[in-house]
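A short write-up of the structure that comes next.
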Amino acid sequence: MARPAPETIKPSHRFLYKPVENCETEGCHMDVWLPENVKDLAAQNEIPLAIMIHGGAFTMGASSDVPYNQVEHYLKNGMAVVSLEYRMVPHVTQFDIRDDLLDAYHFIQQRLNGRLAEELGIENDLIKTQEVVLFGGSAGGTSVLCLAADIEKFNSENTSALPQVKAILCAYPLTDPNNHFAQPKEVWAEKAPEMFPDDWDLMKDFPTTGKVCTGYNFPVGRWDTCKDPRFLFARSAMATQTLNSFLYGCNPPYPPSVTALNLISRTFPPTFILAAMADELIPAEHSLLLYEKLQKHDVESCIAKVEGAGHGYVERPPADWPAGTDYWKDVIREAVDWAIAKVK
Numbered sequence: 001m002a003r004p005a006p007e008t009i010k011p012s013h014r015f016l017y018k019p020v021e022n023c024e025t026e027g028c029h030m031d032v033w034l035p036e037n038v039k040d041l042a043a044q045n046e047i048p049l050a051i052m053i054h055g056g057a058f059t060m061g062a063s064s065d066v067p068y069n070q071v072e073h074y075l076k077n078g079m080a081v082v083s084l085e086y087r088m089v090p091h092v093t094q095f096d097i098r099d100d101l102l103d104a105y106h107f108i109q110q111r112l113n114g115r116l117a118e119e120l121g122i123e124n125d126l127i128k129t130q131e132v133v134l135f136g137g138s139a140g141g142t143s144v145l146c147l148a149a150d151i152e153k154f155n156s157e158n159t160s161a162l163p164q165v166k167a168i169l170c171a172y173p174l175t176d177p178n179n180h181f182a183q184p185k186e187v188w189a190e191k192a193p194e195m196f197p198d199d200w201d202l203m204k205d206f207p208t209t210g211k212v213c214t215g216y217n218f219p220v221g222r223w224d225t226c227k228d229p230r231f232l233f234a235r236s237a238m239a240t241q242t243l244n245s246f247l248y249g250c251n252p253p254y255p256p257s258v259t260a261l262n263l264i265s266r267t268f269p270p271t272f273i274l275a276a277m278a279d280e281l282i283p284a285e286h287s288l289l290l291y292e293k294l295q296k297h298d299v300e301s302c303i304a305k306v307e308g309a310g311h312g313y314v315e316r317p318p319a320d321w322p323a324g325t326d327y328w329k330d331v332i333r334e335a336v337d338w339a340i341a342k343v344k
């Protein structure tokens, strides 16, 4: 049976991994895709896992920003895929988000196989949870670095260890928050009314009101007409360069513990960086500094410097790529195959 077009692959399972109070939904979910021959593979316990952490820090849901060419390729290679929701700015900080992602990893290690076995009516484990790769772009790229570091920190503080991930795919991450989006919150209150006079009344109370959000569909194609307060706040926080002060819960300089570059150690997982050299949102310098730090610590690492690529090129579907480009064929597939080789 032929699969649908990559952009229409729907997850086969959806689980609540973390209830959240005062939430627009019941909490944080994970979406799961399984390969077609899942039961044959499960008999051998041979299904590695790719975990995807979406970008945005304040937008997207678990399935709404998934790069389906990657999902399709992982599935064809006998792997499962999980995409994670997490709580979003401005009602939580990066520390809360990191708690969500580590809680999701605990769920994957301790409960995912049981939930899948229950829904599929089988007795054996499906997922080889010690064979995991991470993918994230933008804020998700920063998050996969943080999750690997948080797994390492958890293992250093506890007697029962979590398996560290085998590889990381990281696209255009924000690696040094003090160098970008680093204006104090007061600048938002000062400049946003002038920059967005027609929208200020709709968003001025948003940072302190409203329910917690774990999944929000970014209004692609409706940026000039969307009047949702969450979107208006996100756009204004980026335009005023104040996003990190909301994300980290304090004004700059931000503490060293939130800087992804400071999380790299000699035991860090192998990492493949997908840099967007024409990125106007998060400068490519962030990716280059990450590669330099990984190399300094002798961590197995690769970088693809994609000339002409803008922010989001890895996650957006091929229909959104500039005419004459094929990022999947030219660079993304190589990175994904590199990660698959770490678990297969």
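Using the numbering used here, read the sequence shown as starting at 1 and increasing by one per residue. A virtual CB, placed ideally from N, CA and C, is assigned to each residue, including glycine.
Sub-7 Å separation of residue i and residue j beta-carbons
i: N113; j: D103; result: no
i: P131; j: V343; result: Sequence inspection shows Glu at residue 131; the Pro mentioned does not correspond to that position. Yes, the Cβ-Cβ distance between E131 and V343 is below 7 Å.
i: I53; j: V144; result: yes
i: W33; j: V92; result: no
i: S236; j: F196; result: yes
i: A149; j: L263; result: yes
i: K305; j: M277; result: yes
i: T271; j: C170; result: yes
i: G137; j: V314; result: yes
i: A192; j: T240; result: yes
i: S287; j: A275; result: yes
i: I47; j: I122; result: no
i: L261; j: K227; result: no
i: P184; j: N251; result: yes
i: Y248; j: Q94; result: yes
Own chain residues within Cβ distance below 6 Å of residue i, not counting five before or after
i: N244; result: P177, F181, A182
i: R3; result: Because the pLDDT of R3 is 43, which lies under 50, any placement of that residue in the model is unreliable, and the number read from its coordinates should be weighed accordingly. Cβ neighbours of R3 beyond the five flanking positions: none.
i: P90; result: P207, F246
i: Y74; result: A50, V81
i: P253; result: N178
i: L134; result: I51, V144, V165, I168
i: M1; result: Its pLDDT being 36, under 50, M1 is placed unreliably by the model, and the measurement read from it follows with that caveat. No residues qualify anywhere along the chain.
i: T142; result: P173, L174, A260
i: V71; result: I9, W33, V81
i: P35; result: L75, G78
i: R333; result: none
i: W328; result: N69
i: L41; result: I47, G78
i: S156; result: none
i: W338; result: F272
i: V336; result: Q70, H73
i: R115; result: F15
The alpha helix (DSSP H) enclosing residue i, as first and last residue numbers
i: G55; result: Careful: G55 lies outside any alpha helix (DSSP H) and carries neither H nor E.
i: A341; result: 333-343
i: L263; result: Unbroken run through L263: none, as it is neither H nor E.
i: R115; result: 112-120
i: K185; result: 185-195
i: E292; result: 285-296
i: L247; result: 243-247
i: V71; result: 68-76
i: D201; result: 200-203
Own chain, CB closer than 8 Å to residue i, minus 5 neighbours either side, in chain order
i: L16; result: E26, G27, C28, H29
i: T259; result: T175, D176, P177, N178
i: V405; result: Within the shown structure, residues of the chain are numbered from 1 to 344, placing residue 405 beyond reach of any answer.
i: F233; result: F58, P90, M203, F206, P207
i: T129; result: L49, I108, Q109, L112, N113, P163
i: R266; result: H297, D298, V299
i: K18; result: G27, C28, D100, D103, A104, F107
Beta-carbon contacts of residue i that lie in its chain and below 7 Å, excluding the five residues immediately before and after
i: D279; result: Y172, G310, H311
i: C23; result: K211, V212, T214
i: P11; result: D31, V32, W33, S63
i: Y291; result: I273, S301, I303
i: N77; result: I340, K344
i: S160; result: none
In DSSP terms, what residue i is bridged to
i: L274; result: A171, A304
i: G27; result: P19
i: I51; result: V82, L134
i: W33; result: V81
i: H13; result: V32
Boundaries of the beta strand (DSSP E) in which residue i is found, first to last residue
i: V132; result: 127-137
i: L84; result: 80-84
Neighbour flag for residue i against chain C, beta carbons, 7 Å
i: T175; result: The chain labelled as chain C is not found in the depicted structure, where only one protein chain is given.
Starting from the N-terminal side, write out each stretch of the alpha helix (DSSP H) that is 4 residues or longer and does not extend beyond the region 207-241. 229-239
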